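Protein chains in written order, with full-length UniProt numbering: chain A, 1 to 255; chain B, 1 to 255; chain C, 1 to 255; chain D, 1 to 255; chain E, 1 to 255; chain F, 1 to 255; chain G, 1 to 255; chain H, 1 to 255.
There are 8 protein chains.
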Amino acid sequence: MRELLDAVADGSLSPAEAEAELKGYVTGDAGRFDAAREHRRGIPEAILAEGKSPEQVVELAETALETTDRALLTRLSDRQIASLESAIGESFPDATVERRSDAALIETPDRERPSLSATIGIVTAGTVDQAVADEAELVCRDAGATIDRVDDVGVAALDRTLDQADRFREADVLIVAAGREGALPTVIAGLVDTPVIGLPVSSGYGYGGDGEAALYGMLQSCTVMSAVNVDAGFVAGGQATLIARTVDSARDRSD
Amino acid sequence: MRELLDAVADGSLSPAEAEAELKGYVTGDAGRFDAAREHRRGIPEAILAEGKSPEQVVELAETALETTDRALLTRLSDRQIASLESAIGESFPDATVERRSDAALIETPDRERPSLSATIGIVTAGTVDQAVADEAELVCRDAGATIDRVDDVGVAALDRTLDQADRFREADVLIVAAGREGALPTVIAGLVDTPVIGLPVSSGYGYGGDGEAALYGMLQSCTVMSAVNVDAGFVAGGQATLIARTVDSARDRSD
Amino acid sequence: MRELLDAVADGSLSPAEAEAELKGYVTGDAGRFDAAREHRRGIPEAILAEGKSPEQVVELAETALETTDRALLTRLSDRQIASLESAIGESFPDATVERRSDAALIETPDRERPSLSATIGIVTAGTVDQAVADEAELVCRDAGATIDRVDDVGVAALDRTLDQADRFREADVLIVAAGREGALPTVIAGLVDTPVIGLPVSSGYGYGGDGEAALYGMLQSCTVMSAVNVDAGFVAGGQATLIARTVDSARDRSD
Amino acid sequence: MRELLDAVADGSLSPAEAEAELKGYVTGDAGRFDAAREHRRGIPEAILAEGKSPEQVVELAETALETTDRALLTRLSDRQIASLESAIGESFPDATVERRSDAALIETPDRERPSLSATIGIVTAGTVDQAVADEAELVCRDAGATIDRVDDVGVAALDRTLDQADRFREADVLIVAAGREGALPTVIAGLVDTPVIGLPVSSGYGYGGDGEAALYGMLQSCTVMSAVNVDAGFVAGGQATLIARTVDSARDRSD
Amino acid sequence: MRELLDAVADGSLSPAEAEAELKGYVTGDAGRFDAAREHRRGIPEAILAEGKSPEQVVELAETALETTDRALLTRLSDRQIASLESAIGESFPDATVERRSDAALIETPDRERPSLSATIGIVTAGTVDQAVADEAELVCRDAGATIDRVDDVGVAALDRTLDQADRFREADVLIVAAGREGALPTVIAGLVDTPVIGLPVSSGYGYGGDGEAALYGMLQSCTVMSAVNVDAGFVAGGQATLIARTVDSARDRSD
Amino acid sequence: MRELLDAVADGSLSPAEAEAELKGYVTGDAGRFDAAREHRRGIPEAILAEGKSPEQVVELAETALETTDRALLTRLSDRQIASLESAIGESFPDATVERRSDAALIETPDRERPSLSATIGIVTAGTVDQAVADEAELVCRDAGATIDRVDDVGVAALDRTLDQADRFREADVLIVAAGREGALPTVIAGLVDTPVIGLPVSSGYGYGGDGEAALYGMLQSCTVMSAVNVDAGFVAGGQATLIARTVDSARDRSD
Amino acid sequence: MRELLDAVADGSLSPAEAEAELKGYVTGDAGRFDAAREHRRGIPEAILAEGKSPEQVVELAETALETTDRALLTRLSDRQIASLESAIGESFPDATVERRSDAALIETPDRERPSLSATIGIVTAGTVDQAVADEAELVCRDAGATIDRVDDVGVAALDRTLDQADRFREADVLIVAAGREGALPTVIAGLVDTPVIGLPVSSGYGYGGDGEAALYGMLQSCTVMSAVNVDAGFVAGGQATLIARTVDSARDRSD
Amino acid sequence: MRELLDAVADGSLSPAEAEAELKGYVTGDAGRFDAAREHRRGIPEAILAEGKSPEQVVELAETALETTDRALLTRLSDRQIASLESAIGESFPDATVERRSDAALIETPDRERPSLSATIGIVTAGTVDQAVADEAELVCRDAGATIDRVDDVGVAALDRTLDQADRFREADVLIVAAGREGALPTVIAGLVDTPVIGLPVSSGYGYGGDGEAALYGMLQSCTVMSAVNVDAGFVAGGQATLIARTVDSARDRSD
């Protein structure tokens with residue numbers, strides 16, 4: 001404790017870092033950031049940008065960078081992205097930004113991204129499913145997993161789905177994103193013995209639209225799979241990461 | 001009018017037949033039978049046995065036989081079937097009975113079943129979908145359509161689905177029955193350019209069970225198809241029949 | 001393969017056309033266009049403009065024109081229409097544009113629109129149902145079907161409905177669009193022996209509004225009909241087209 | 001007060017009658033009977049038999065007879081009917097029983113049924129709607145209204161509906177009972193300027209079954225009408241009675 | 001027919017009036033106006049302004065004025081009102097406008113508003129219910145009914161509800177508008193023997209908000225009443241008018 | 001620990017009592033009984049009889065009696081009651097049983113029921129609400145609260161509700177049970193400044209039946225109250241008890 | 001009465017104060033303000049700003065200040081806040097404003113805020129729950145309760161929840177606000193014997209979002225608690241206040 | 001092929017085994033058994049006993065034993081169990097039966113159960129969740145996974161949950177079964193970095209009962225997890241098995 005305070009006193013530790021060290025989280029004007037989440041749960045806290053002002057997003061991202069050397073952000077608007085890039089450009093000029101649709105991963109040079117031998121397959125049915133799959137992918141990349149991304153293989157053109165069966169089989173775990181009637185994860189899970197995480201996407205209008213039919217279909221699937229909530233790319237990516245890390249450490253332990 | 005009354009008087013016409021002739025329908029203790037339905041709508045009135053006493057079912061079947069030379073019954077319980085067979089055996093000893101699961105078609109020798117050149121494909125995903133498909137099939141058989149029945153080709157074993165693609169293409173119209181997540185009609189409709197009528201089946205427990213996920217999935221399908229209500233085998237069969245008859249008369253007219 | 005590459009090299013084939021030829025679809029910045037859909041499913045891929053930027057709509061339309069000689073677009077906003085007309089005016093100056101409410105069909109002079117002898121009746125209950133019916137109609141026109149359009153015959157003025165019964169009977173298949181309580185398809189299907197496709201429309205406020213009561217009513221209809229999802233004009237038009245084409249080829253085959 | 005107690009003491013008034021006189025209601029083992037309901041609300045309290053033992057039904061019926069000279073019962077099972085007829089036969093040997101489906105009205109000779117000049121039209125779409133309509137009718141008969149009952153005029157055979165338009169117009173108020181898609185009240189209300197009370201009936205299976213589609217359709221009707229809950233025959237009959245009585249007293253007052 | 005055409009030719013009849021006379025309705029750019037609705041159904045067609053451009057609203061209002069001497073408009077925005085007043089000021093300079101919240105009734109001097117002896121009580125629970133009640137009231141005023149309006153008597157201050165019981169009793173029919181839990185119509189219907197039409201209002205946030213709890217409560221009410229859909233002021237007013245007119249003509253007939 | 005084992009060894013403590021002492025709960029064939037629940041949460045674990053065999057109910061009741069000197073049981077069927085009385089009569093011959101509808105409280109002579117000065121008012125709208133209110137009441141009685149029970153004061157006879165206002169005011173907390181539209185808690189909460197806990201009851205058929213409308217109405221109430229789930233008499237009683245005990249100890253502490 | 005009028009005449013009483021004195025409420029252009037609500041129900045009427053113009057909010061706030069010396073406002077937008085501060089600054093220059101998120105309490109110097117000895121614990125799961133908890137808190141502060149606010153103790157970091165168990169135990173009543181899956185109130189209610197009021201918050205996207213899962217979870221909680229509607233901070237605060245005041249007066253009475 | 005037919009001819013292969021070898025599945029009177037499912041999907045087809053006659057269950061079990069040396073059955077009634085044990089006792093006298101609640105695994109001596117090094121933790125909240133967890137467990141045992149079962153650690157007694165945190169951490173994957181509000185998987189997933197599969201159980205009455213609140217809560221969980229449908233023990237066990245096998249083969253491959 002004394003050490004920490006000394007470090008804060010001599011400037012080698014910021015107050016936020018010290019608070020994170022002591023309590024596990026940091027509280028600022030924009031709310032709380034749970035710096036210890038990754039340690040405890042294996043998945044870092046992501047900053048959900050939706051419903052926050054650009055200033056709040058920037059503050060939380062900076063706290064994340066200060067205490068964990070990187071920030072993972074989801075559902076960013078164009079305006080939030082612009083503020084973020086400008087602010088981080090000043091406060092963390094050496095940080096790198098990786099964007100996927102409306103998600104972003106910012107890392108300081110201090111961060112050493114881990115590397116997992118396990119492969120996560122990420123599959124989309126159509127163009128409209130890509131943003132949600134991108135959010136899942138960024139979570140997996142942050143954890144250092146190997147990614148095999150397969151886009152646009154919806155069942156309306158079944159040949160293309162079948163052509164990829166071997167790639168599906170080679171993954172350690174699959175995330176399959178689909179909207180409308182959400183049949184793709186069922187079709188894929190019927191073809192391979194890889195664990196499948198169904199990720200319903202809020203496309204489609206009319207009855208059962210906005211992902212409802214897709215979620216229902218994945219919960220009722222005549223094959224074995226589990227599912228996450230509609231548009232919950234972060235959760236699908238997190239769950240796949242936890243599985244990939246378990247696989248990875250099984251390999252390591254047995255070495 | 002006078003002719004009819006004379007016929008009733010001399011016993012060559014039953015009162016029910018006369019009422020059907022004059023008003024189009026017959027009213028008895030068990031309710032009304034719409035004898036003119038087939039003429040008007042192209043599809044005969046079926047007797048929905050569910051919720052009726054065996055006596056009511058028998059009375060309605062006899063009225064149907066008397067006025068239209070055949071009776072089409074759906075959702076028969078074992079007890080209703082037994083009463084029916086025994087009663088009809090006495091009142092219409094020459095009638096023939098064709099059963100499919102809990103549906104039955106009874107015909108007097110006077111009835112000349114029509115014959116349609118058009119083919120209706122009827123496809124099921126699994127064992128649990130067969131009773132509903134049987135109800136649809138009997139409606140189509142009553143109309144004299146050619147039936148191509150393909151069972152047990154659900155997407156959990158996709159090879160078997162794909163193996164039948166050519167048969168699906170040769171039909172003039174397809175009825176595809178599926179429960180659980182109801183992906184089969186979507187997969188088939190993506191393979192062929194035949195009109196598909198989706199028939200959701202009330203299988204599955206938990207959320208979206210009892211056919212709800214299947215119906216939602218057919219309404220949200222990423223390919224083109226129309227749907228009928230959950231377990232509505234009669235409606236699917238009727239709609240396919242109307243299409244088949246249109247196709248049939250197109251052939252005839254162009255001869 | 002070599003031939004195609006030669007054609008691309010000498011400029012007689014665009015890269016998009018070559019990709020479509022080889023893979024069946026074309027992938028650009030705005031997503032994927034499935035050029036082989038029509039061949040496989042009988043119905044071309046329509047470009048759903050809703051949720052896309054004007055630039056994306058233009059790009060997809062141009063890809064469609066390049067590879068299939070026409071583009072079918074639905075749910076266009078005024079701003080998207082303006083961009084589209086201006087862009088296509090330059091890139092395909094000889095193309096013709098046919099608009100119906102917020103749907104559009106663009107064709108290059110190379111396209112020879114097919115002609116089907118079968119007649120599709122398209123019926124609306126009221127003014128509010130016309131845009132959805134227009135979307136259905138454009139799909140049918142693209143396929144060359146004969147259209148018999150009957151507007152404003154909702155059951156609140158039943159005489160007008162009944163006056164058209166003969167026209168309803170003459171069609172090979174009927175699309176009946178209705179919002180609010182959606183009684184019109186039931187009333188029409190009770191009058192004629194033509195196949196009816198119910199098309200619920202998202203009008204009405206309060207409980208069961210936005211097309212829910214209409215869809216429920218069509219699924220529960222006491223007569224025989226099938227239904228598509230709320231506002232799914234494209235699907236209704238596509239299903240009617242598939243039926244019309246089956247009828248048409250029955251006529252041809254029997255010639 | 002003293003008078004009442006004297007009457008109880010000398011046996012000319014039963015304790016139940018005295019309690020009803022003093023407090024407006026009577027409390028027994030089977031629950032409370034609100035003897036003053038009719039005076040206050042214009043409609044007597046009906047005894048809902050469903051979920052009660054035959055003994056409870058008998059006790060409540062006897063209390064009703066004792067304090068209001070008649071008992072109105074709804075949703076009676078066959079077993080409850082048998083108990084009731086046997087018990088009342090002993091306790092009120094002179095009472096008369098009028099049954100309609102599973103509703104019953106029992107009256108002692110002391111009761112003088114009122115007579116209303118106003119006419120209530122009660123219309124059903126099909127056989128399955130008759131029991132609920134019967135419940136409504138018995139409430140109206142209890143109040144002495146003139147009833148014009150028209151059965152089996154559902155829209156699947158529209159001519160029969162139209163044939164009755166003049167009878168519909170002559171009623172002062174119409175109750176229209178319909179299940180499935182519930183289109184009949186909308187069709188009738190579009191034909192006549194009589195107030196229509198929609199009474200949805202819990203028929204139909206699958207999605208929107210059990211009266212849900214019918215209720216939704218009546219609430220969304222494109223014409224003017226009000227509705228009661230699914231199967232609420234008592235409420236529809238009560239509301240029609242209140243209107244009929246208002247009409248009746250308007251006639252009287254103006255005499 | 002010839003007469004009409006002569007009248008159009010000499011300018012004494014507008015083309016719209018002639019079309020209305022011949023067909024019962026008039027079709028313009030903004031859709032169809034059903035000029036014969038009032039005659040057939042007793043309630044004129046109201047122009048639902050929501051979702052229409054100011055130009056469409058003006059066109060429909062002018063058609064209504066031309067063919068029926070008045071226009072009834074509901075759900076007008078401020079911008080639509082402004083356009084309307086300016087346009088009508090020019091085309092029908094002598095017309096009078098009566099506004100209630102976002103509803104309006106415009107009449108030409110040629111219109112002679114009828115007068116009904118029957119009284120319609122219109123009651124609101126709170127401030128938020130007034131706009132919907134105003135819509136109902138304007139329909140009743142258009143028909144010439146006597147109105148007794150009682151505002152702000154919600155059950156949170158029950159004394160004020162009870163204080164008005166006598167006024168409630170004197171009405172021939174009551175419309176009771178309430179949002180949130182919608183208890184007011186139940187409380188009033190328990191106090192008086194007047195027919196009550198429950199009018200649920202879309203207030204309230206959270207679960208059961210937007211009028212759902214209010215509608216459910218009115219359908220489940222432990223007293224006798226009928227209901228209309230959420231916010232359906234026009235329907236409630238129309239139904240009350242039909243009842244009032246029946247009462248009124250009962251008085252007249254008996255004179 | 002040693003002490004406990006000695007006590008078990010010499011028979012002065014049963015094994016179940018020892019397990020409860022050590023772990024807080026006891027596990028038998030019929031499942032786990034949480035003997036420490038009352039200490040931790042202030043409310044004992046009740047034995048939900050529904051879905052259990054009579055033997056399981058008896059075993060759990062005996063465990064409860066052995067470890068906490070009393071057993072609180074809810075949703076008992078007649079058959080379960082009979083088994084229970086017979087078994088307890090043998091195993092705990094001195095125990096007393098207090099029944100309220102389908103709930104029961106069994107106490108050994110060792111139990112000294114506490115006494116709370118605070119008063120809990122328990123109010124029902126009608127006969128049908130009494131069983132659920134009885135379940136709540138027994139929980140409160142078990143805790144020794146003073147109970148003021150007021151039955152049959154539903155809003156359909158509002159005078160009776162108003163007559164009891166002073167009793168409602170004198171309670172420290174009120175539980176108000178109501179089914180159908182559930183208006184009673186709203187009406188009472190508008191009259192008094194006592195905390196009200198709404199207890200919706202699963203009565204009513206049709207839309208919003210089975211307590212749904214009542215729950216919605218309590219959540220949307222225009223006055224201040226909290227609610228528990230439909231038929232959750234135990235929860236309502238428990239919550240009232242926790243409040244009563246807080247009030248009681250406030251009195252004690254201030255003595 | 002005469003006294004009041006004299007006071008109005010000589011200006012010592014405003015007309016609004018006089019109306020409030022006589023009728024209990026004041027009616028202005030912006031609607032009705034129920035000045036007697038607090039006296040009757042123990043909780044003042046709050047002004048729900050949502051859906052009102054800034055002018056209406058100001059008018060109602062001024063009426064509240066005039067008649068009850070303070071105004072409690074909820075769901076204020078930034079624009080409404082600005083208008084309010086400017087207007088009150090002029091009309092009540094000595095008033096003090098206490099803001100919590102989008103709720104505000106304005107008091108004139110004449111108001112003597114009461115003081116309650118009872119403590120209300122207000123707990124939030126995360127940052128997103130704070131605004132709703134703030135609304136609840138302001139209601140409790142207005143009543144003078146002692147508040148113990150504990151933020152950011154959601155179950156994702158369970159240690160922090162457990163660390164606060166003693167503070168939870170010391171409160172007389174707890175409000176626990178949580179969105180998403182809403183597990184926090186269940187976890188806390190399992191730890192302490194304090195009454196818990198669950199306050200679901202409308203966070204979360206996808207299925208069960210907007211507070212639905214949280215509300216369901218609180219109604220189904222395996223421990224004892226009651227709940228209010230989603231986002232109903234005012235109701236939770238009001239209910240806690242009623243309990244706190246009962247506790248407080250128990251202490252006083254026993255002094 | 002010839003070899004197979006020879007084997008059938010000489011009796012060394014049953015017709016069912018031959019059909020399974022050739023087509024992958026066997027079709028009998030009781031429906032189809034997919035003998036190749038395990039090979040393709042990694043999880044064998046389970047026989048869902050619910051809704052089947054005892055004879056059908058026996059037939060399907062015998063087919064499974066004949067073609068895959070074991071049968072996995074779920075949702076068995078007592079009557080089905082009895083038939084099964086008696087029939088298998090005769091046809092496969094050496095088979096062993098392992099039962100867990102209403103699931104059973106029957107194996108012939110020919111079957112060599114595999115062995116997986118990976119550990120699957122299976123956790124239940126309460127007694128009511130055990131049958132569903134047992135179904136999941138049997139699927140995992142069939143695959144040879146190491147099982148760590150932890151029962152009765154629901155959050156109502158949080159200490160017991162926390163006491164097991166280390167066991168939870170040691171598993172490679174966790175299935176957490178919970179009904180009512182379903183908070184347990186959220187609490188556990190917040191404590192450990194193991195992948196968690198939420199398994200909602202259909203306990204709880206009232207709103208959100210039958211597992212709905214539990215499913216919603218798992219989909220909305222503030223931590224990372226995936227979920228399966230309500231009561232879908234087989235699916236949860238299958239998904240955990242697929243993960244365990246991936247982990248297992250990772251260990252093997254790295255050896």
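Backbone N, C-alpha and C define an ideal beta-carbon position, used for all residues, glycine too.
If you're wondering where the values come from, they're calculated on a predicted model, not measured in any experiment.
Nearest neighbour of residue i, chosen from the options [CA to CA]
i, options, result
"Val201 of chain F", "F:Asp231, F:Arg111, F:Ile147", "F:Asp231"
"Gly198 of chain H", "H:Gly204, H:Gly206, H:Tyr205, H:Ala189", "H:Ala189"
"Gly233 of chain C", "B:Leu242, B:Ala236, B:Gln220, B:Thr241", "B:Gln220"
Inter-residue Cα distance where the pair is residue i and residue j
i, j, result
"Ala133 of chain B", "Met218 of chain A", "24 angstroms"
"Glu38 of chain C", "Glu170 of chain C", "28 angstroms"
"Glu139 of chain E", "Gly238 of chain E", "First, the residue type needs correcting, since residue 139 of chain E is Val and not Glu in the sequence shown. The alpha-carbon atoms of Val139 of chain E and Gly238 of chain E are separated by roughly 6 angstroms."
Residue i: contacting residues in chain E (beta-carbon distance under 7 angstroms)
i, result
"Gly121 of chain F", "Here the premise fails: no neighbours, minimum Cβ distance about 18 angstroms."
Problem set entry | Length at least 4, wholly inside the stretch 17-93 of chain D: the alpha helix (DSSP H) runs in chain order | 37-41, 54-68, 78-91
Problem set entry | Members of the stretch 208-227 of chain C that neighbour chain D once the beta carbon cut-off is set at 9 angstroms | Gly208, Gly209, Glu212, Ala213, Ala214, Leu215, Tyr216, Gly217, Met218, Leu219, Gln220, Ser221, Cys222, Thr223
Exercise. What residues in the stretch 228-254 of chain C bring their beta carbon closer than 8 angstroms to a beta carbon of chain A?
Worked result: Asn229, Val230, Asp231, Ala232
Exercise. For the stretch 159-183 of chain H, which residues have a CB atom closer than 9 angstroms to at least one CB atom of chain A, in sequence order?
Worked result: Asp172, Val173
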